[in-house]
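Numbering (full-length UniProt numbering), first residue to last: 1 to 232.
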């Protein structure tokens, strides 16, 4: 049994269980699962479909509650928090990157990255400065004023990565972030994401089916019999 962490990793799951009702019974997706990610660490989540990857990401992102156990974000226990406090933690400390970029089509690349910062309370000037820095780091310095329809798929996904990191979260969760891209573009986007993770000290949990990309990350884990298991 894993005990409560003595220091604050970016994410820690401690003896977590998650079940879903099915008819008169229940499907146990996670069972006594424990797992932690340190700041600046990139972790690949490699597991077949149907084993609970989405459930694990949803629990880590405070989109679902565990049935048992505890989820810690930056050392703070979350399962007993009211929804408004869970929303606050998610907004301040967690960034999301999905397979499809979900950019706002009417906004430019820079405005898409500025949006979460301004919602948090930053001034337009400060949000634009940070957004420009992030996009420049990702090789999009000359594309700031382009709308998503004017960007390639790889460029759109790099904007989505910048948006996820705009509020300097402690944790980034990515669900097949390169799954909709061709191999060359996928390699470029994945490299940009992992470089930014190490440069900023954010922790990253990235679900991927691409074993070559997973091999480039600091750690690899899978789901087996409802538990998180380290891979060599």
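Beta carbons: idealized from backbone N, C-alpha and C, even for Gly.
Does the region 89-98 come close enough to the region 161-177 that 3 or more CB-CB pairs lie under 8 angstroms?
yes
Just the Cα atoms here: how many angstroms apart are residue 230 and residue 99?
Position 230 of the chain shown, counted from the first residue, corresponds to residue 230. Position 99 of the chain shown, counted from the first residue, corresponds to residue 99. Near 24 angstroms, if we compare the C-alpha coordinates of residue 99 and residue 230.
Could you check the C-alpha separation between residue 178 and residue 192 for me, to the nearest Å?
Walking along the chain shown from the start, residue 178 turns up at place 178. Walking along the chain shown from the start, residue 192 turns up at place 192. Their Cα atoms are separated by approximately 11 angstroms.
Could you name each continuous beta strand (DSSP E) segment of 3 residues or more that falls completely within the region 67-96, going from the start of the chain to the end?
68-73
Rounding to the nearest angstrom, what Cα-Cα distance links residue 219 and residue 40 in this structure?
For this step, residue 219 is matched to residue 219 along the chain shown. For this step, residue 40 is matched to residue 40 along the chain shown. The alpha-carbon atoms of residue 219 and residue 40 are separated by roughly 12 angstroms.
Would you identify the three-state DSSP class for residue 158, choosing helix, strand or coil?
For the purposes of this step, residue 158 is identified with residue 158 of the chain shown, where counting begins at 1. Reduced to three states, the DSSP call for residue 158 is helix.
State yes or no: is the C-beta of residue 46 within less than 8 angstroms of the C-beta of residue 208?
Residue 46 sits at position 46 when you count from the first residue of the chain shown. Residue 208 sits at position 208 when you count from the first residue of the chain shown. Contact flag set, yes.
Counting pairs of beta carbons, one from the region 132-146 and one from the region 60-75, are three or more of them closer than 8 angstroms?
no
Mind checking who residue 20 pairs with in its DSSP beta bridge?
Locating residue 20 in the chain shown gives position 20, counting from the first residue. Answer is 27.
Exposed or buried, residue 49, counting other C-beta atoms within 10 Å across all chains shown (16 or more means buried)?
Translated into the one-based positions of the chain shown, residue 49 becomes position 49. Its Cβ having fewer than 16 others within 10 Å, residue 49 is exposed.
Please name the residue, chosen from 44, 109 and 206, that lies closest to residue 158 on a Cα-to-Cα basis.
Along the chain shown, one-based indexing puts residue 158 at 158. Residue 109 is the option with its Cα nearest to residue 158.
In terms of residues, what are the limits of the beta strand (DSSP E) holding residue 230?
Here the question's residue 230 lines up with position 230 in the chain shown. 227-230 is the extent of the beta strand (DSSP E) around residue 230.
Can you check DSSP and say which residues form a bridge with residue 120?
The sequence position of residue 120 within the chain shown is 120, counting from 1. Answer is none; residue 120 lacks a bridge partner.
Going by other Cβ atoms of all chains shown within 10 Å of its Cβ, with 16 needed for buried, is residue 26 buried or exposed?
Counting from one through the chain shown, the residue named residue 26 turns up at place 26. With fewer than 16 other Cβ atoms within 10 Å, it is exposed.
Tell me whether residue 58 sits in a helix, a strand or coil according to DSSP, three-state version.
On the chain shown, position 58 is the one that residue 58 refers to. If DSSP states are grouped into helix, strand and coil, residue 58 belongs with the helices.
Measure the alpha-carbon distance for residue 19 versus residue 145 and round it to whole angstroms.
Reading the chain shown from its first residue, position 19 is the one you call residue 19. Reading the chain shown from its first residue, position 145 is the one you call residue 145. Whole-angstrom Cα-Cα distance: 45 angstroms.
Answer yes or no: does any C-beta atom of chain C fall closer than 8 angstroms to that of residue 193?
The structure shown contains no chain C; it is built from a single protein chain.
For residue 14, name the three-state secondary structure that DSSP assigns.
Along the chain shown, one-based indexing puts residue 14 at 14. Note: residue 14 maps to strand in three-state DSSP.
Could you name the residues of the same chain whose beta carbon sits closer than 6 angstroms to that of residue 147, not counting the 5 residues immediately before and after it, in chain order?
Position 147 of the chain shown, counted from the first residue, corresponds to residue 147. The answer, listed in chain order, is 108.
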